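Worksheet: one structure, shown below.
In the working numbering, the protein residues as written are 93 to 388.
Given below as structure tokens:
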């Protein structure tokens, strides 16, 4: 339907729907889904993809982003069946956003408590390499905005395979007393891994002009939704009952605490900050110019 000339009477109806936010009842019954859509970043097939409202935009194998929120708890996800790309329903059998108990939306919870769940025990799953794992996998929910256009908050789920890299990256920033929300984080993939394994690297700093916007995003509902401490507004009550300290996005949270993966070695202890007082990272001129132009 590219370059279609819309008649004036149809254009008037479209303008009215755009003004009121009411969609065509016929299209709405097909296009919308039962669950609200949360903007997210997919890492399928080793490419970063911005997914929103059923539309997927492929970015590439690197993405410069700003981390504006971190769920302070390790989340859990359990699939009772092997992944089938042809399956219509790819939802997990059970999951927990706070790592304490199954989410309220789970129809048939595997257990009433994550701590006592047999699927959450190291050795309940054996990897092809022979290493012990868990049927219910650990993961971290982050809220990020693309550094080149920090307007839209996206949810990024960090699988257990990348949680150690995330801890080490946060530890490195903390050694220089730099908050993740103050750094441009380059998301990438480990080229040596046989599956999409996330890597995190500092690629500069958030421009001074952008910091007020970033500070606002730290406290926004969009960020809380992205890190799973608040349910999407159209979804009714909160999916979980997060602790009081989780009501505010907390990118400074120490992700070496809580329930780090039982089968992932702990990150080394933080070292006292040494000179230089800031991380020795030079921001690319191209990215810096693009960021500055957004806030002129």
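The beta-carbon is built from N, C-alpha and C at its ideal position, and this holds for glycine as well. Model, not experiment: these values are computed from the prediction.
Beta carbon of residue i nearer than 8 Å to that of residue j
i           : j           : result
residue 191 : residue 206 : yes
residue 389 : residue 156 : What is shown of the chain runs 93 to 388, which leaves residue 389 out entirely.
residue 212 : residue 154 : no
residue 148 : residue 131 : no
residue 265 : residue 279 : no
residue 306 : residue 238 : no
residue 114 : residue 106 : no
residue 275 : residue 297 : yes
residue 102 : residue 277 : no
residue 68  : residue 236 : Outside the shown range of the chain (93 to 388) lies residue 68, about which nothing can therefore be said.
residue 230 : residue 166 : yes
Residue i - DSSP class collapsed to helix/strand/coil
i           : result
residue 253 : helix
residue 262 : helix
residue 295 : strand
residue 238 : strand
residue 156 : strand
residue 248 : strand
residue 303 : helix
residue 408 : For the chain, the structure presents residues 93 to 388; residue 408 sits outside this window and is missing.
residue 109 : helix
residue 97  : coil
residue 203 : coil
Spatially closest choice to residue i from the options, by CA coordinates
i           : options               : result
residue 310 : 278, 272 and 292      : 272
residue 151 : 164, 133 and 161      : 133
residue 318 : 234, 301, 267 and 295 : 234
residue 228 : 236, 217 and 103      : 217
residue 59  : 139, 103 and 129      : This structure gives no information on residue 59, because the portion of the chain shown stretches from 93 to 388.
residue 248 : 109, 295 and 141      : 141
residue 220 : 286, 198, 100 and 111 : 286
Beta-bridge pairing of residue i - partner residues as DSSP gives them
i           : result
residue 87  : Nothing about residue 87 can be read from this structure; the chain reaches only from 93 to 388.
residue 217 : 225
residue 141 : 134 and 150
residue 186 : 170
residue 279 : 155 and 292
residue 198 : Beta-bridge pairing links residue 198 to no other residue.
residue 162 : 234
Neighbourhood of residue i by C-beta, 7 Å cutoff - its chain only, sequence neighbours within 5 removed
i           : result
residue 258 : 232, 250, 292 and 347
residue 184 : 169, 170 and 171
Contacts around residue i, its chain only, beta-carbon distance under 6 Å, and the 5 residues preceding and following it disregarded
i           : result
residue 261 : 292
residue 179 : none
residue 288 : 135, 138 and 281
Same chain, Cβ closer than 8 Å to residue i, five either side skipped, listed in chain order
i           : result
residue 204 : 193 and 194
Near the ligand HEM: residue i beta-carbon under 7 Å from a heavy atom
i           : result
residue 303 : The model depicted lacks the ligand HEM and carries no ligand whatsoever.
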